[in-house]
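Beneath this line is the structure, given in structure tokens, with notes to follow.
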Amino acid sequence: MTQSLPEGATDRRMTAVFGIFLLLLISAVVLLSLVPPISRDALVHHLNIPKLYLLHGKMVEFPSMSFSYFPMNLDLLYMISLWLGNDIAPKFIHFSFALLTAWLIYDYLKPRAGKNYALIGALFFLSTPIVIKLSITVYVDLGLIFFSTAALLLLFRWEESGFSLAFLTGSAVCCGLAMGTKYNGLIVCFLLTAFVPWIYSSHGIKFRHPSMKAIAYGALYLAVALMVFSPWMIRNWHWKGNPVYPLYDSVFNPPKTAAKTQEGVTRPKAAKGLFSYRSVVYEETEWQMLLLPVRIFFEGQDGSGQYFDGKLNPFLLLFTVLAFVGVGISHRRNREGSDPGPFDPERWLTGQKKMLLSFAILYFLFALFSTVLRIRYLSPMIPPLVILSVFGMKSGMVWFEGKLGRERRSIARIAGGAILIACLGLNVHYIWTQFNIVDPFDYLAGKVSRDEYITRYRPEYPVMQYANRHLSEDARILFIFMGKRGYYCDRPYLLDDEGRPSLMAKIVNRSDSPEEIASRLRESKITHLMLQSDIFNRWVTEDFTAEKGRLFMAFLRRQTTLLYSHHLFGLLAVTPPGKAAVE
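Residue numbers (the numbering used here): 7 to 589.
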């Protein structure tokens, strides 16, 4: 008759299994990252602006690029890699913040739920589809996730330490770094600043003047966070008179006149708000929009604005519910526990679980009432949900084992293991699909060159390469419907779609002849146009009057020369003065 392994031996085996899964997961991310950058925001902003700063030798203003005014804590780290000539390493810099966040989750859960549950939390976070997607791209969201999670968990340490200023200021510094990484950190700052008086007041009966001290702690927290964030505010105030440009620019720089259309008629304001937007654009019903808090966990799809441009795991929602149902986790029963400190640990845990849930819900509500709802914009709420999910897993397991009894505990463990496999299996399937999409092996094996790989995903790349090789350094290109992706263009360029109306539209509508259009472009020091033809043709047809549309097309025929084209992208030279292009 075989004997079952002792409980300690089983736990050690499970620890080894989870450790192996973590190593395999990290290896998969590394393989998926060892290809040239092709993600949109990397080519628009996160690599492009650092590259331009390096070319200029300093931080300079780019008025035609509103995104260049965003805070850039992580982008400055990417600049070091670009200076060393490597644009793949920034992916690993970004991924390192996912690993650091996984460590925060593990460190928080280990004394409260046990080592194996802590490992599950780290594994669950790192394998969540949106985290995988971010880990293999040059974005900044993982930095925001790390700093916001560190700030929140340091507030818990502040409470547990008896309100030590070291933990409060440490949390505030992390909050300021979150704001300096991405403007979504402003939401984090608002929420955590409100949490500070809440946490203190929950123990305020033990102190004199608790209300005044709670407010003072909140004010101190906000002051430290803003001080850390202040370099970016000072820069934008100096350049634009708005410390958080382009956010709230109508508040800091109110318009003097009503917005005009191209024909001089005041354009009515479009309906704002998420619900109006989704009703008009996606034709969603009221009940579909009411179910958005649930749908984001089940319906996410990469690349689909309607389906939140990203994927979560539905078990994040299901396990979070379990964290507040059934048997609670007793800190005292945990043999791997730590010093309980001056307050009751069970009370800490209950309060912290409520704050984790409150943070996730409130953060979601802020995003819910914006125009665009994307999983990436919700990312700071993922670590709190992962932590709550682990508590839910353990609560469910404790309850199930209690129902079955000690002699049938193995059945409960088998059932729990099956549920965990199903949960992580969804994440593994997503990782597998990423290998099909990214297709790193041909590139790593040398079967596909760097240029061929980039062209496969970015068909404008050959046109930019042509411009880099054949245009003089004093050429200046106007990008028209190029998606703002300028990283691979080494010649100076302007973005035409930053203003409303655009520069090109203003020039066409103010001109009476093709020659005048060409002259106005030269006055703006524009020597070439780079455009995406299908969107450009629709724009000319739909946004211009028939007369101006004909004028625009006549300009293209008579005052420009097509130098190179690939797929739907083309490079045109504006004809020098006194010459005409061949029709």
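Each residue gets a CB set at the ideal place from its N, CA and C atoms; glycine is no exception.
Remark: fewer than three beta-carbon pairs, one from each stretch, lie closer than 8 Å, so the region 158 to 166 and the region 126 to 139 are not flagged as touching.
In this structure, Val546 and Met559 form a Cβ contact; the two beta carbons are roughly 7 Å apart against a cut-off of 8 Å. In this structure, Lys97 is the residue among Ser74, Ser70, Lys97 and Phe73 with its C-alpha nearest to the C-alpha of Leu83. The C-beta separation of Cys181 from Val202 comes to about 10 Å, leaving the pair out of contact by the 8 Å criterion. The region 523 to 536 makes contact with the region 497 to 515, as at least three CB pairs between them are under 8 Å. Straight-line measurement puts the Cα of Ile427 at about 10 Å from the Cα of Val434.
The beta carbon of Trp109 lies closer than 8 Å to those of Ala128 in the same chain, with the five residues before and after it left out. A distance of 7 Å or more separates the beta carbons of Pro320 and Ser154. Just measuring C-alpha positions, the residue of Asp503, Val250 and Val257 sitting nearest Met239 is Val250.
Contact between the region 462 to 476 and the region 564 to 579 is established, with three or more Cβ pairs separated by less than 8 Å. For Val36, the closest of Phe487, Asp445, Asp518 and Pro520 by C-alpha to C-alpha distance is Asp445. Taking Cys429 as reference, the option from Val396, Leu106 and Leu253 with the minimal CA-CA separation is Val396.
Rounded to the nearest angstrom, the gap between the Cα atoms of Met185 and Leu192 is 6 Å. Sequence-distant Cβ neighbours of Ile111 in its own chain, meaning closer than 7 Å and more than five residues away, are Gly127, Ala128, Phe131, Pro389, Val392 and Ile393. Secondary-structure assignment with DSSP links Thr566 through a beta bridge to Val580. For Gly422 and Leu29, the gap between their C-alpha atoms comes out near 23 Å. The secondary-structure analysis by DSSP pairs Ile483 across a beta bridge with Tyr499 and His534. Taking the C-beta atoms as reference points, Thr567 is found no nearer than 7 Å to Ala552. Here Lys453 is exposed: its Cβ has fewer than 16 other Cβ atoms, across all protein chains shown, within 10 Å.
If you draw a straight line from the Cα of Asp518 to the Cα of Phe375, it is about 44 Å long.
In this structure, Ile532 lies near Leu484, with their beta-carbon atoms less than 7 Å apart. According to DSSP, Phe575 shares a beta bridge with Gln538 and His572. Of the residues assessed, Gln307 falls on the exposed side of the cut-off, its CB having fewer than 16 other CB atoms within 10 angstroms. Burial check for Phe173: the Cβ neighbour count within 10 Å reaches 16 or more, so the residue is buried. Taking a cut-off of 8 Å on C-beta distances, the region 134 to 153 does not touch the region 64 to 74, as fewer than three cross pairs fall below it.
Put simply, the backbone Cα of Ala225 is about 16 Å away from that of Ser170.
Leu106 is not a Cβ neighbour of Phe68, given a cutoff of 7 Å. In its chain, beyond the 5 residues on either side, Val230 have a beta carbon closer than 7 Å to the beta carbon of Thr175.
In the structure shown, Ser455 falls within a coil segment according to DSSP collapsed to helix, strand and coil. Burial state of His62 is exposed, judged by a 10 Å Cβ sphere holding fewer than 16 other Cβ atoms. Only buried fits His100, as 16 or more other CB atoms lie within 10 angstroms of its CB. Only residues of its own chain outside the window of five on either side were considered, and among them Leu40 have a CB closer than 7 Å to the CB of Leu450, listed in chain order.
Judged by DSSP secondary structure, Leu298 falls within the alpha helix (DSSP H) whose first and last residues are Leu298 to Phe304.
For Ile437, the enclosing alpha helix (DSSP H) stretches over residues Arg415 to Val444.
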